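Here the structure comes first, spelled out in structure tokens, and everything after it is commentary.
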Amino acid sequence: MTETAPVISVRDLVVEYGRGEKKVRALDGISFNVMPGECVGFIGANGAGKTTTIKVLMGFIFPRKGDVRVFGERAGTVASRRRIGYLPEVALYYPFMKARELLELYGGLSGLSRGNLKEGIPPLLEKVGLVGKSEILLKNYSKGMQQRLGIAQAIIADPEALIFDELSSGLDPIGRFDLRAVLLNLKRRGRTIFFSSHELTEVEALCDRVIIIHKGRIVTEATVGELKKPLNLFEVVFSLPEGAVLPTVVAQYKLVEEGNLQRIEFNNVEEYCRAVSALASAGAVIHHTSSRTRTLEEYFIGLVESIEGVGDK
Ligand code: ATP
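When you read off a place in the sequence shown, starting at 1, and then add 720, the result is the number in the numbering used here.
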């Protein structure tokens, strides 16, 4: 494999569940790559097809059509899975085991020696925020603690690539903060990360690139910067004294009346500057100007609404 070969390569993937009238096409010909060292967020509404995609990558279900490769190997083969750490959407661990025992089991299956495990488990538990919890039975673990443990089992053997389904599920804000530090550290060390999440602030903070899936089809694939770039919002709030005329350059924009003030929004900094300068020259009183970038969440909701034709009815 050359250095530029993708770690994950999905081509024309079609997955169907059920048969006959009950048949559900969960993935309808999706294609994407994840390159070495990239951190890619996989976003979609409930039922979009995220877990199905990840299950194919892990070899848990088989596609109707398509070519899916991990490290150049067919997805699901031992050769491909050996190099991946995986966190399932719902992680159910043996309730009669303690965290240390579970990590010894998973680490052992990944080929780590007893010595490695003895040395490696305490700092690993510390990393995921489970200090002092190694000897508690897993049946007494909370959902958030299970998730932290799931992340620990995924990274225990320091794999080259990580696939997380619902990364921050069940985690409180502190858990998410800890998790972010763990992931940023993995990223810094050149690990490839692919994860699905509903926490878009997380995706925004961690990912180089985002893939958005909707009803089994990929609708957007771009860097976080690209998605947010056209979403800059600039606004000016002003009033026109009696006798002052609204400059023509400003008249083309939608004016929103707010009491005796007026507000205009711009998506483009040049247009915004031109308008503010024209307003000032026309004698307008500028009460307030501001600029902000829309969040990825706003972008996502807007995109889904536009696809679904919300408000078009
Ligand atoms: P969520 O965010 O809710 O976890 P998702 O994006 O992971 O959703 P999937 O679980 O991949 O979505 O589901 C994709 C589609 O496939 C949905 O329509 C779902 O109902 C359907 N589906 C998933 N698993 C099965 C199954 N075992 N049998 C039948 N249909 C299924």
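Cβ coordinates follow ideal geometry from the N, Cα and C atoms, glycine included. Since this is a predicted model, take the numbers as computed values, not measurements.
Less than 8 Å separating the beta-carbons of residue i and residue j?
i	j	result
Gly827	Ile763	no
Val848	Arg868	yes
Ser917	Glu955	no
Ala1002	Pro967	yes
Gly936	Asp748	yes
Thr912	Gly757	yes
Glu824	Leu837	yes
Leu903	Leu926	yes
Leu891	Thr1015	no
Ala768	His934	yes
Leu850	Ala872	yes
How would you write the range of the beta strand (DSSP E) that residue i sits in, first residue to last?
i	result
Leu882	Ala881 to Phe884
Lys785	Lys785 to Val790
Thr912	Thr912 to Ser916
Asn836	No beta strand (DSSP E) holds Asn836; the alpha helix (DSSP H) holding it covers Arg834 to Lys847.
Ile728	Ile728 to Tyr737
Report yes if the C-beta of residue i is less than 7 Å from at least one heavy atom of the ligand ATP; otherwise report no.
i	result
Tyr1042	The displayed coordinates of the chain run from 721 to 1033. Any statement about residue 1042 would go beyond what the structure contains.
Glu809	yes
Gly769	yes
Asn952	no
Ala746	yes
Gly740	no
Gly840	no
Gly890	no
Gly779	no
Asn860	no
Thr940	no
Gly764	yes
Thr912	no
Thr772	yes
Let's see if you can read the secondary structure: which residues bound the alpha helix (DSSP H) around residue i?
i	result
Gln972	It is not in any alpha helix (DSSP H) - Gln972 carries neither H nor E in the DSSP assignment.
Asn905	Pro893 to Arg908
Cys993	Val989 to Ser1001
Quick check: what's the CA-CA separation for residue i versus residue j?
i	j	result
Lys907	Leu899	12 Å
Asp1032	Leu844	Per-residue confidence for Asp1032 stands at a pLDDT of 46, beneath the threshold of 50, marking its modelled position as unreliable; no derived number is given.
Val993	Thr940	As written in the sequence, residue 993 is Cys, which differs from the Val given in the question. Straight-line Cα distance between these residues: approximately 31 Å.
Tyr814	Ala901	27 Å
Met721	Gly805	Because Met721 carries a pLDDT of 49, less than 50, the predicted location of this residue cannot be relied on, and the following value inherits that uncertainty. One C-alpha to the other measures close to 20 Å.
Tyr737	Thr772	10 Å
Asp732	Gly831	34 Å
Ala989	Glu946	First, the amino acid is wrong: residue 989 is Val here, not Ala. Those two C-alpha atoms are separated by around 16 Å.
Asn753	Ile932	13 Å
Val730	Ala874	22 Å
Arg909	Arg745	38 Å
Assuming the contact rule is C-beta atoms closer than 8 Å, residue i and residue j should be a hit. Round their C-beta distance to whole Å, please.
i	j	result
Val923	Gly761	4 Å
Ile883	Met817	Not a contact, Cβ separation roughly 23 Å.
Val996	Ser959	That pair is no contact at about 14 Å.
Ile774	Asp885	5 Å
Val734	Ile781	Actually they are not in contact, since the Cβ atoms of Val734 and Ile781 sit about 12 Å apart, beyond 8 Å.
Pro879	Arg789	Not really, about 17 Å apart at Cβ, beyond 8 Å.
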